[in-house]
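Protein chains in written order, with the working numbering: chain A, 8 to 138; chain B, 8 to 138. What follows is a short report on a single structure.
There are 2 protein chains.
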Amino acid sequence: MAALKYSRQRESIKHYLMTTREHPTADAVYMHVKKDFPNISLGTVYRNLNLLTDIGEAIKISTPNGGDRFDGRIEPHNHFLCTKCGRLLDLDLDMHSIEEVNRLAAENFDGRITSSSTLFYGECSDCIKKS
Amino acid sequence: MAALKYSRQRESIKHYLMTTREHPTADAVYMHVKKDFPNISLGTVYRNLNLLTDIGEAIKISTPNGGDRFDGRIEPHNHFLCTKCGRLLDLDLDMHSIEEVNRLAAENFDGRITSSSTLFYGECSDCIKKS
DNA sequence: CTAATTACAGTAATCGTTATCGTTATTATT
DNA sequence: AATAATAACGATAACGATTACTGTAATTAG
C-alpha cells in the first residue's frame, strides 16, 4: 500500500543529490532547495531524503562527527574523510577491488555479505598544501 | 596541560570496553557500569568514552542508524552490520589485506591516507537461520 | 469534476550528545 | 600526614540533528 505520489520538492532534492559532488547534510540540501521552494520545510527534506534512501535512489553516509551525509551516487564506492578540515570526498576503487574485498571478508565470516563501504581517513591535498 | 587524573569510573568503563565483544552504545556502557557505580552519570560515561577515544584507547564507530558504538579493540579491523537485526559484529581481514586496500586507494587519490575502516552489510548467521 | 489519498509546511517532541556548575576525589606540596 | 591545587564527578540544563504530529495543499483515481 501507500503508493508513491509525485512531488516537485522530492524531484528537486533528488536532482540536487544527483548533480552535486558534495555530500551534503540534510541541512545543506535544505538550504539549496530553498532557492526553488522558498517555504519548503526541513521536515520535508528529511522525509524525502529517507524515502530516497529507502527506495535505493540515494545513500546515507555516517561519519564519526556531525550529521549524516547524503549521496546521489548509488553505485558502490567509498569515501575519504579529511581529519583536518572535515570534508568528505569520493574515493573510487575499481569495482573489481571492491568485490575482491567483499570476497575476502566472506571467506572467514559466517553470514551473507551484500555490500560494503570503506571510509578512509587522512589529510586531503588542500590541507597538506597549507601545512 | 590538563594532566590526566585517575578515576575508578574511567577504569571501569575501559575495562568493560576491553572485555566485551559487543560494540556497546554509550547508553549500554552506562547500564553496565551502573552495576558497580550505581550513581554514575551518563555524562561521565560520554566524557570518558570520548576521552578514551581521543587518547587512542578506544574507537568510535558510526552506523547509519542509532547512536555511535564504542570498541576497546584498537588494532585496525572492520565491522559487519546486520541489516535485519541491527547487530554490529567484528569482521577481521588479515592485516595484509587492510594495508593492501589502503595502498590501492592511495594510488588514485590525491591526499594522505592514514587509516580506513570498512563496514560490511548483510545478514548475520542468526537471521539467516530464522528465515 | 469530485473523491480519495499522499505530501506538504509548520511546529512540537524526541533522541543522542555536550556543556555548565557546585561538589568530591585524586595528586602534588608542604 | 595535612593542606592546597586541580581534575573528575553527578546532576541537570542546553544543544543539534532528526522524527512525529496536525491541519492544509497537491496529486492521482474514479
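Even for Gly, the Cβ is constructed at its ideal location relative to N, Cα and C. Every value quoted in this text rests on a predicted model; they were computed, and no experiment measured them.
Let's test the definition: count the other Cβ atoms within 10 Å of the Cβ of B:T13 and tell me whether it reaches 16, buried, or not, exposed.
Looking at the sequence shown, residue 13 of chain B is not Thr but Tyr. Looking at its Cβ environment, which holds fewer than 16 other Cβ atoms inside 10 Å, B:Y13 is exposed.
On the CB-based measure, 16 or more other CB atoms within 10 Å of its CB, does A:R17 come out buried or exposed?
When all chains shown are included, A:R17 counts as buried.
Start-to-end residues for the alpha helix (DSSP H) that takes in B:L58
Element bounds for B:L58: 49 to 61.
Stretch pair the stretch 64 to 81 of chain A + the stretch 82 to 92 of chain B: three plus CB contacts closer than 8 Å:
Contact between the stretch 64 to 81 of chain A and the stretch 82 to 92 of chain B is absent: fewer than three C-beta pairs spanning the two stretches fall below 8 Å.
Quick check on the DSSP output: the beta strand (DSSP E) that includes B:K136 runs from which residue to which?
Per DSSP, B:K136 lies in no beta strand (DSSP E) segment; the continuous alpha helix (DSSP H) that holds it begins and ends at 132 to 137.
Rounded to the nearest angstrom, what separates A:G118 and B:I135 at their Cα positions?
Between the alpha carbons of A:G118 and B:I135 lies a distance of about 7 Å.
Just checking: is the beta-carbon of B:G79 within a distance shorter than 8 Å of some beta-carbon in chain A?
Not closer than 8 Å to any Cβ of chain A, the Cβ of B:G79 fails to qualify, so no.
Are any of the Cβ atoms in chain A nearer than 8 Å to that of B:E130?
Taking Cβ atoms only, chain A reaches closer than 8 Å to B:E130, which makes this a yes.
So which of A:L95, A:E114, A:S122, A:I62 has the shortest CA-CA distance to A:E130?
Residue nearest to A:E130 within the set A:L95, A:E114, A:S122, A:I62 is A:L95 (criterion: CA-CA distance).
Just curious, the beta strand (DSSP E) that B:K67 is in, first and last residue?
Where B:K67 is concerned, the enclosing beta strand (DSSP E) starts and stops at 66 to 68.
Only counting the same chain, and skipping five residues up and downstream in sequence, which positions put a Cβ closer than 6 Å to that of A:V52?
These residues qualify, in order along the chain: A33, V36, Y37.
Any chain B beta carbon closer than 8 Å to A:V108
Yes, A:V108 counts as interfacial toward chain B.
Measure the alpha-carbon distance for B:D61 versus B:S124 and round it to whole angstroms.
One C-alpha to the other measures close to 17 Å.
Along chain B, which residues have their Cβ under 8 Å away from the Cβ of A:D99?
Against chain B, a Cβ distance below 8 Å from A:D99 picks out N115.
Chain-order list of residues whose beta-carbon lies under 7 Å from that of A:K67 (same chain, five-residue window excluded)
These residues qualify, in order along the chain: T60, D75, F77.
Could you name the residues of chain B that A:I62 contacts, counting a contact when the two beta carbons are closer than 9 Å?
Under the 9 Å cutoff, chain B gives no residues; its nearest Cβ is about 15 Å from A:I62.
Nearest neighbour of B:F116, chosen from A:S48, A:Y128, A:I81, A:P31 [CA to CA]:
Minimum Cα distance to B:F116 is reached at A:Y128.
For A:D65, does the count of other Cβ atoms within 10 angstroms reach 16, so buried, or fall short, so exposed?
Note that residue 65 of chain A is Ala in the sequence shown here, rather than Asp. Burial is judged here by how many other beta carbons sit within 10 angstroms of a residue's own beta carbon; A:A65 has at least 16 and is buried.
So what's A:N122 in DSSP terms, helix, strand or just coil?
In the sequence as displayed, the identity of residue 122 of chain A is Ser instead of Asn. In the structure shown, A:S122 sits in a strand (DSSP, three-state: E or B).
Indicate whether A:F44 and A:S69 have their beta-carbon atoms separated by less than 8 Å.
Not a contact, by the Cβ cut-off of 8 Å.
Return the bridge partner residues of B:C92 from the DSSP annotation.
Paired residues: none, contrary to the question.
Can you check whether the C-beta of A:T51 is within less than 8 Å of a C-beta belonging to chain B?
Judged by the 8 Å Cβ criterion, A:T51 is not in contact with chain B.
A:A112: buried (16+ other C-beta within 10 angstroms of its C-beta) or exposed?
By the neighbour-count criterion, in which a residue is buried when 16 or more other Cβ atoms sit within 10 angstroms of its Cβ, A:A112 is buried.
By a C-beta neighbour count over all protein chains shown, 10 Å radius and 16 as the cutoff for buried, is A:H30 buried or exposed?
Under this definition A:H30 is a buried residue.
Thinking C-alpha only, which one of A:E107, A:L100, A:D99, A:K21 is nearest A:N57?
Closest option to A:N57, judged by alpha-carbon separation, among A:E107, A:L100, A:D99, A:K21: A:K21.
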